[in-house]
Amino acid sequence: MGFKKRIVTMLARVANNLFWMGRYIERSEHLARYLNVNYFSSLDAPHELSQSRQFMLRSMLFMVGDPMNDARHELDEENVLFDTSLNQEKFYSVISNVKAARENANGTRDLISTGLYEAINRFYHYVLNYDVNFFVKKGLYDFTVHVMEQTAVLRGKIRGSLLHDEVYAIIMLGINIERATQVIRIINAKYHDAEMATGSYSNQVAHSFEWTTLLKCIESYDMMRRFYRKTPTSLSTLEFLILNSDCPRSVMNSLNQICKHVSVLKKTKSSSKDSTSFLVGKLRAEIEFTRVEAIECDVNGFIQQILERLVEISQKMEKEFFTY
Amino acid sequence: MPEDKDPIIFSSYESKRGLFDEVFNEDGSVKSIYKTLFDLYGGHSVYDYENLNNKAKASFFNQGITFQVYDDEVAQEKIFPFDLFPRIIHPKEWDMIEKGAIQRSRALNLFLWDIYHDKKIIKDKVVPLDLLSSSENYLHQMMDLDPPGGIYNHISGTDIIKHSDGQYYVLEDNIRCPSGVSYVICNRTALKRALFGVFNHYQAHTVTNYAENLLQILETVKPRGVDNPNCVVITPGRFNSAYYEHSYLAKAMGVELVEGQDLYVENDFVYMKTINGRQKVDVIYRRIDDTFIDPLEFNPNSALGVPGLFAAYKKGNVSLANAPGTGVADDKAIYTYMPEIIKYYLKENPILNNVRTYKCSKSDELKYVLENIDKLVIKPVDEAGGYGISIGNQLTKKEIEKVREVIKEHPRKYIAQPILSLSVHPTYIEEENSFEQRHIDLRTFTLLGKDKEFVLKGGLTRVALKKGNLIVNSSQGGGSKDTWVLKNES
Numbered sequence: 020m021g022f023k024k025r026i027v028t029m030l031a032r033v034a035n036n037l038f039w040m041g042r043y044i045e046r047s048e049h050l051a052r053y054l055n056v057n058y059f060s061s062l063d064a065p066h067e068l069s070q071s072r073q074f075m076l077r078s079m080l081f082m083v084g085d086p087m088n089d090a091r092h093e094l095d096e097e098n099v100l101f102d103t104s105l106n107q108e109k110f111y112s113v114i115s116n117v118k119a120a121r122e123n124a125n126g127t128r129d130l131i132s133t134g135l136y137e138a139i140n141r142f143y144h145y146v147l148n149y150d151v152n153f154f155v156k157k158g159l160y161d162f163t164v165h166v167m168e169q170t171a172v173l174r175g176k177i178r179g180s181l182l183h184d185e186v187y188a189i190i191m192l193g194i195n196i197e198r199a200t201q202v203i204r205i206i207n208a209k210y211h212d213a214e215m216a217t218g219s220y221s222n223q224v225a226h227s228f229e230w231t232t233l234l235k236c237i238e239s240y241d242m243m244r245r246f247y248r249k250t251p252t253s254l255s256t257l258e259f260l261i262l263n264s265d266c267p268r269s270v271m272n273s274l275n276q277i278c279k280h281v282s283v284l285k286k287t288k289s290s291s292k293d294s295t296s297f298l299v300g301k302l303r304a305e306i307e308f309t310r311v312e313a314i315e316c317d318v319n320g321f322i323q324q325i326l327e328r329l330v331e332i333s334q335k336m337e338k339e340f341f342t343y
Numbered sequence: 048m049p050e051d052k053d054p055i056i057f058s059s060y061e062s063k064r065g066l067f068d069e070v071f072n073e074d075g076s077v078k079s080i081y082k083t084l085f086d087l088y089g090g091h092s093v094y095d096y097e098n099l100n101n102k103a104k105a106s107f108f109n110q111g112i113t114f115q116v117y118d119d120e121v122a123q124e125k126i127f128p129f130d131l132f133p134r135i136i137h138p139k140e141w142d143m144i145e146k147g148a149i150q151r152s153r154a155l156n157l158f159l160w161d162i163y164h165d166k167k168i169i170k171d172k173v174v175p176l177d178l179l180s181s182s183e184n185y186l187h188q189m190m191d192l193d194p195p196g197g198i199y200n201h202i203s204g205t206d207i208i209k210h211s212d213g214q215y216y217v218l219e220d221n222i223r224c225p226s227g228v229s230y231v232i233c234n235r236t237a238l239k240r241a242l243f244g245v246f247n248h249y250q251a252h253t254v255t256n257y258a259e260n261l262l263q264i265l266e267t268v269k270p271r272g273v274d275n276p277n278c279v280v281i282t283p284g285r286f287n288s289a290y291y292e293h294s295y296l297a298k299a300m301g302v303e304l305v306e307g308q309d310l311y312v313e314n315d316f317v318y319m320k321t322i323n324g325r326q327k328v329d330v331i332y333r334r335i336d337d338t339f340i341d342p343l344e345f346n347p348n349s350a351l352g353v354p355g356l357f358a359a360y361k362k363g364n365v366s367l368a369n370a371p372g373t374g375v376a377d378d379k380a381i382y383t384y385m386p387e388i389i390k391y392y393l394k395e396n397p398i399l400n401n402v403r404t405y406k407c408s409k410s411d412e413l414k415y416v417l418e419n420i421d422k423l424v425i426k427p428v429d430e431a432g433g434y435g436i437s438i439g440n441q442l443t444k445k446e447i448e449k450v451r452e453v454i455k456e457h458p459r460k461y462i463a464q465p466i467l468s469l470s471v472h473p474t475y476i477e478e479e480n481s482f483e484q485r486h487i488d489l490r491t492f493t494l495l496g497k498d499k500e501f502v503l504k505g506g507l508t509r510v511a512l513k514k515g516n517l518i519v520n521s522s523q524g525g526g527s528k529d530t531w532v533l534k535n536e537s
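Protein chains in written order, with the numbering used here: chain A, 20 to 343; chain B, 48 to 537.
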């Protein structure tokens with residue numbers, strides 16, 4: 020006599036919580052790194068504009084989707100740092116993301132491992148109790164590094180302590196959709212900065228210092244150097260971050276992961292043209308056969324298109340799996 | 048070892064005369080059952096102990112064992128204060144508590160069956176009819192309905208105290224949605240983490256077997272024709288103050304934790320919405336109050352419940368634990384009849400004492416109450432959580448007059464009991480950095496199924512943290528202690 024096996028299933032609502040838990044964990048990491056890298060690389064940046072505090076602060080706000088378009092308006096450094104990191108009133112701040120990740124984890128706490136839940140909770144209390152005054156004056160490095168490390172711990176717990184079943188697949192879908200989205204958004208923000216920093220000389224965009232910053236924002240600078248053994252240019256950077264499937268943060272790699280995990284959830288073997296897996300597979304195939312030169316002709320258009328497609332995939336998932 | 052200048056933790060302990068101290072005799076010597084424990088704790092300096100205490104607190108926060116308190120409309124996350132000095136219950140005393148708790152649960156179950164069927168106990172004039180007819184918790188919808196397995200109160204929480212005469216008394220039976228069992232288990236975990244060494248010296252019963260027993264009990268009341276029942280726990284949601292407990296129980300039983308929105312009813316069967324379509328639900332451990340379980344049958348504004356759930360229950364297609372309508376049997380007016388109820392159904396004498404209760408609904412007893420408010424505790428019949436209680440000897444003359452007027456206006460709504468002196472236990476008080484006497488009670492957890500019963504060997508010892516306070520509820524600033532039931536006298 021074997022053990023009575025329960026029919027393994029998952030509530031649609033809980034699946035939604037898992038998905039967003041994954042997304043918010045991933046999002047808080049990218050935001051923390053963006054703040055860190057931009058702030059510290061601007062301190063000794065080669066170009067006058069990219070060394071400017073105002074330029075760096077604007078870039079931060081652009082990234083979180085709250086851009087300051089009025090060129091005459093002087094931004095206050097402490098305010099911007101507070102808003103993007105510890106201001107609970109701003110939905111885009113690191114703390115709001117961690118809070119949302121934890122609230123989603125609360126809704127799934129009977130399904131995830133105790134180790135994972137405790138790590139999320141510890142993370143939440145760390146962020147919640149962080150001294151705001153210390154942070155805006157001298158805590159940026161300490162805080163953002165800690166956030167990045169905590170998210171790595173969480174990914175470790177997700178991979179190392181959960182059953183690799185549907186629960187795992189859904190969290191990984193959230194993480195990878197978010198990763199692809201954030202990487203594209205960071206490319207967008209830094210491309211915007213590169214254009215600003217070089218004025219109208221388009222040939223200089225190709226060799227801008229902002230590409231180095233971009234790679235660091237995505238934690239891919241070292242590996243990119245190892246791969247090309249050359250100073251990054253716009254072409255090689257975009258190729259590495261979008262098309263190189265060996266780069267763990269590339270859009271291509273994220274799409275491969277999404278394809279893999281969505282197949283765990285597929286109810287039927289035949290993939291209908293109205294399914295998530297069809298949309299993901301299609302986008303992956305398109306990018307797989309895209310040449311970087313084609314992207315470079317119209318970076319803005321390409322970025323917009325990918326962002327829209329990722330939103331479409333996420334919405335399709337929600338409809339297919341999270342509502343009943 | 049503590050240095051000379053570090054005070055030893057018990058050095059400033061004061062024993063007040065007239066109180067029953069669980070640990071110390073009147074002459075200040077330590078009771079034999081606590082001797083070993085006292086020696087182990089006594090070696091700690093205040094500084095060591097404060098460290099251990101802080102570690103235990105952090106562990107509760109990280110485990111997310113918290114509840115929400117609403118202050119000025121802002122929700123604050125708090126931990127339930129935990130005391131590292133455990134309470135020990137002698138095996139002989141426990142034996143009586145356990146038998147008494149089962150006796151009360153069984154009697155209440157038979158009482159519920161009777162009042163929702165033939166009402167023999169009323170016809171025999173043991174319990175007056177107006178006690179039921181005036182109760183808001185009596186559900187006419189439950190009339191003549193046979194709950195699966197014949198069980199109403201699958202889960203009971205019995206609140207027991209030790210009076211200054213050294214005897215145990217039952218204060219309350221809770222058979223709606225009694226909570227607190229998860230804290231019993233967390234307290235044990237926290238104490239093990241902080242002071243694992245002390246467990247080597249005592250043989251205490253485990254408390255981690257609660258969830259497996261609960262699942263077995265739930266499975267005994269599966270609907271007819273179901274082989275392998277699908278049990279779930281339903282919660283009002285993650286903003287509920289007991290959400291931790293709901294998720295803990297679901298996880299420990301390995302069943303799904305659902306909210307009302309996850310379920311729906313079709314053709315009088317209950318289904319949950321999963322990523323792979325629908326799945327039938329057979330047994331629901333519900334942590335939602337009666338009036339909210341089904342907007343079609345009860346409170347139409349309830350968004351927490353499931354429309355049509357009660358109809359499915361009526362058809363016998365789903366089990367609810369506890370059954371709706373149990374609230375009629377655990378209010379304070381019925382409590383006063385418990386000795387008669389036990390004798391009537393079980394032909395046994397009550398094992399656990401009831402507190403002498405004066406019913407303001409009876410004119411002679413009302414007269415006594417109005418004249419002796421200063422010696423009594425006045426309680427509203429149908430309030431939970433320690434609200435609305437007046438303790439006579441703590442009131443000013445003016446306040447007594449006010450209470451008198453309130454009782455006169457609605458005598459049916461109040462009962463009175465002699466002021467009990469809850470036993471005290473040494474409890475670490477953070478603000479004072481020392482141990483002080485604090486009043487305690489005990490909530491036991493009893494499970495009743497078809498041909499199966501279980502009492503958790505342990506229970507929640509609640510501590511009134513405010514000096515001199517007798518109310519131990521967590522919403523009124525209470526804490527708790529790990530509770531050891533010993534396997535032998537050691």
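Positions of the beta carbon are idealized from the N, C-alpha and C atoms, including for glycine.
Small disclaimer: the values here were computed from a predicted structure and weren't measured.
So what's residue i in DSSP terms, helix, strand or just coil?
i         : result
A/His-66  : coil
A/Gln-107 : coil
B/Val-428 : coil
A/Met-29  : coil
B/Cys-278 : strand
B/Asp-220 : strand
A/Ser-289 : Confidence at A/Ser-289 is low in this model, with a pLDDT of 49, below 50, so the placement of that residue should be treated as unreliable; the coordinate-derived value is given next. In the structure shown, A/Ser-289 sits in coil (DSSP, three-state: anything other than H, G, I, E or B).
B/Gln-123 : strand
A/Ser-219 : Interpretation of A/Ser-219 is limited by its pLDDT of 44, a score under 50 that renders its predicted location unreliable; no figure is taken from the coordinates.
B/Lys-406 : strand
What residue range is occupied by the uninterrupted beta strand (DSSP E) comprising residue i?
i         : result
B/Gln-484 : 481-496
B/Ser-229 : Per DSSP, B/Ser-229 belongs to no beta strand (DSSP E); it is in the alpha helix (DSSP H), 228-242.
B/Thr-508 : 507-511
B/Pro-465 : 461-465
B/Phe-501 : 499-502
B/His-472 : 471-476
B/Leu-304 : 303-305
Let me check one thing: in DSSP terms, what residues is residue i bridge-paired to?
i         : result
A/Val-164 : Answer by DSSP bridge pairing: none, since A/Val-164 is not bridged.
B/Tyr-332 : B/Val-280, B/Ala-368
B/Ile-398 : Looking at the DSSP assignment, B/Ile-398 forms no beta bridge with any residue, so it has no partner.
B/Glu-313 : B/Phe-316
B/Tyr-215 : B/Lys-209
B/Gly-526 : B/Val-510
B/Trp-531 : B/Ile-135
Could you spell out where the alpha helix (DSSP H) holding residue i opens and where it closes?
i         : result
B/Leu-179 : 176-180
B/His-293 : 290-300
B/Phe-158 : 138-162
A/Gly-300 : 295-307
B/Pro-386 : 385-393
A/Asn-275 : 270-284
A/His-183 : Note, A/His-183: premise wrong, no alpha helix (DSSP H); not H, not E.
B/Leu-343 : That residue, B/Leu-343, is in no alpha helix (DSSP H); it is neither H nor E in DSSP.
- Task: Mind checking the stretch 312-343 of chain B against chain A and listing, in chain order, the residues whose C-beta falls within less than 9 Å of any C-beta there?
- Result: Met-319, Lys-320, Thr-321, Ile-322, Asn-323, Gly-324, Arg-325, Gln-326
- Query: Any residues in the stretch 186-209 of chain B with a beta carbon nearer than 8 Å to a beta carbon of chain A? Which ones, in chain order?
  - Reply: none
- the stretch 121-135 of chain B contacting the stretch 335-344 of chain B, beta-carbon criterion three pairs below 8 Å: no
- chain B contacts from the stretch 290-301 of chain A (Cβ-Cβ distance under 7 Å): none
- Please confirm if the stretch 257-273 of chain B is in contact with the stretch 308-324 of chain B, defined as three or more CB-CB distances below 8 Å between the two stretches. no
- Message: With a threshold of 8 Å, are at least 3 pairs of Cβ atoms found where one atom belongs to the stretch 188-207 of chain B and the other to the stretch 152-161 of chain B?
- Response: yes
- Of all the residues that make up the stretch 389-401 of chain B, which are near chain A by a beta-carbon distance shorter than 9 Å? none
- At least 3 beta-carbon pairs within less than 8 Å: the stretch 181-198 of chain A vs the stretch 31-42 of chain A: yes
- Item | Within 9 Å of chain B by C-beta, residues of the stretch 35-65 of chain A in sequence order | none
- State whether the stretch 284-294 of chain B contacts the stretch 121-131 of chain A, with contact taken as three or more CB pairs (one from each stretch) at a distance under 8 Å. yes
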